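A.B. asks:
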Amino acid sequence: MKENNQLLQVDEVKITILMDNTIDAFMTGNEIVHRFNMSKAPLTTKDGFSTLIAEHGFSAIIQIKCGERQETILLDTGVSSNGILHNIDTLGINVNDIKAIVLSHGHIDHTMGLPSLIEKLDSSQVPIIFHPDAFLDRKLIMPGGYEVDVSAPKLNVLQQKKIDLVAKADPTLLVDNMVLVSGEIARTTDFETGFPVHYTKRDGRWENDPLVKDDQCVIINVRGKGLVVITGCCHSGLINTINYAQKLTNCQQVYAVLGGFHLTGGTFEKIIPITIDELKKSGQPI
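Numbering of the sequence shown is given in full-length UniProt numbering, commencing with residue 1 and proceeding in unit increments.
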């Protein structure tokens, strides 16, 4: 792991949530957060769905501006084959503006829209950044004994040829050093111990894999503000993720952290108080 990965400071970052677990059409915005204006769109679209739809999972468009230059990357692709494509169309986003795709980790609720998205892209060899574990078979074995397949979709030969697959565990700089993908995040806290019901298939055998080592985040350094850290599920733990972003960039100032934190459910809710305490100790705003 190289520290101080020469991440450039940028003038502005705009993050558009393409897919999240819920949507509230009546939620208002402010000078920082701009909500989708439902008054300018019908409640349903010609395909029968709501103007914007919500699904379990996550996807975000990240636009970075530095001087006159603006670049766009995509983090994650949601849980269904067409969910983010529906919202992309509704929001008027051109998929061919996307210069890189980052997979936060290889679970179905963050990757299932990838094949359909690839079909929409021009043949421009857009890089897809992911950890080498991301496309392994994965499952959850729940306390009741039933199993849930959470594997990422398999890309066919034509889809693989259309894009540039970049599998690496180390950090990756994108769009001329304006964006840093963390790569595998160091686990240093004693309370963020992972996802105990998670299993990965390696060499034909299932093994318990609570750490979900393919978990990674996106890091941007906004001039005069500090780091913006965007997570997919944060299986590494929120504090581990923030600490690692600071170490990678040699920047202690954190402006914003957003995305999935994986702090719901009986396994994780118990660490919410200590997570908040650690945020307070670090001086980060809550």
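Glycine included, C-beta positions come from ideal geometry on N, C-alpha and C.
As the structure is a prediction and not an experimental result, all values here were calculated from the model.
1. Among the residues of its own chain, which have a CB less than 6 Å from the CB of Ile128, if the five just before and after it don't count?
2. Tell me the rounded alpha-carbon separation between Ala256 and Asn208.
3. What separation, rounded to the nearest whole angstrom, lies between the Cα atoms of Asn30 and Phe36?
4. If you compare alpha carbons, which of Gln9, Leu8, Ile15, Gln6 is closest to Leu258?
5. What does the alpha-carbon distance come out to for the pair Ile93 and Asp76?
6. Return yes when the Cβ of Thr193 is within less than 8 Å of the Cβ of Arg138, no when it is not.
7. Do you know how far the Cα of Asp24 is from the Cα of Ser50?
8. Check Asn208 in the structure and name its three-state DSSP category.
9. With H, G and I counted as helix, E and B as strand and the rest as coil, what does DSSP make of Tyr146?
10. Quick test of the definition: if touching needs 3 or more C-beta pairs under 8 Å, does the stretch 111-118 touch the stretch 167-176?
11. Can the beta-carbon of Leu121 be found less than 8 Å from the beta-carbon of Thr111?
12. Could you tell me if Glu119 is buried or exposed, where buried requires 16 or more neighbouring beta carbons within 10 angstroms of its beta carbon?
13. Starting from the C-beta of Ser123, find all residues in its chain whose C-beta is less than 8 Å away, skip the five residues before and the five after it, and write them out in chain order.
14. Go ahead and pull the three-state DSSP assignment for Gly83.
C.D. replies: Taking the structure as given:
1. Here residue 128 corresponds to residue number 128 of the sequence shown, with the count starting at 1. Short of 6 Å from the beta carbon of Ile128, and not among the five residues preceding or following it, lie these beta carbons of its own chain, in chain order: Ile101, Ile163, Leu165.
2. Numbered from its first residue, the sequence shown carries residue 256 at position 256. Numbered from its first residue, the sequence shown carries residue 208 at position 208. Whole-angstrom Cα-Cα distance: 33 Å.
3. By 1-based counting over the sequence shown, the position of residue 30 is 30. By 1-based counting over the sequence shown, the position of residue 36 is 36. So the two alpha carbons sit approximately 12 Å from each other.
4. Locating residue 258 in the sequence shown gives position 258, counting from the first residue. Minimum Cα-Cα distance from Leu258 among the listed residues Gln9, Leu8, Ile15, Gln6 corresponds to Ile15.
5. For the purposes of this step, residue 93 is taken as residue 93 along the sequence shown, with counting starting at 1. For the purposes of this step, residue 76 is taken as residue 76 along the sequence shown, with counting starting at 1. Approximately 15 Å, taken between the alpha carbons.
6. Within the sequence shown, residue 138 is the residue found at index 138, counting from 1. Within the sequence shown, residue 193 is the residue found at index 193, counting from 1. Taking a C-beta distance under 8 Å as the contact criterion, Arg138 and Thr193 do not qualify as a contact pair.
7. The residue labelled residue 50 in the question sits at position 50 within the sequence shown. The residue labelled residue 24 in the question sits at position 24 within the sequence shown. Computed Cα separation, rounded: 12 Å.
8. By 1-based counting over the sequence shown, the position of residue 208 is 208. Strand at Asn208.
9. Counted from its first residue, the sequence shown places residue 146 at position 146. It is coil, neither helix nor strand.
10. In the pairwise beta carbon analysis, the stretch 111-118 is classified as not touching the stretch 167-176: fewer than three pairs are separated by under 8 Å.
11. Here residue 121 refers to the residue found at position 121 when the sequence shown is read from its first residue. Here residue 111 refers to the residue found at position 111 when the sequence shown is read from its first residue. No, they are not a contact pair.
12. Taking the first residue of the sequence shown as 1, we reach residue 119 at position 119. Counting Cβ neighbours within 10 Å, Glu119 comes out exposed, since fewer than 16 surround it.
13. Counted from its first residue, the sequence shown places residue 123 at position 123. Counting only Cβ-Cβ distances below 8 Å, and skipping sequence neighbours, we find Lys162.
14. Along the sequence shown, one-based indexing puts residue 83 at 83. Of the three classes helix, strand and coil, the one that applies to Gly83 here is helix, per DSSP.
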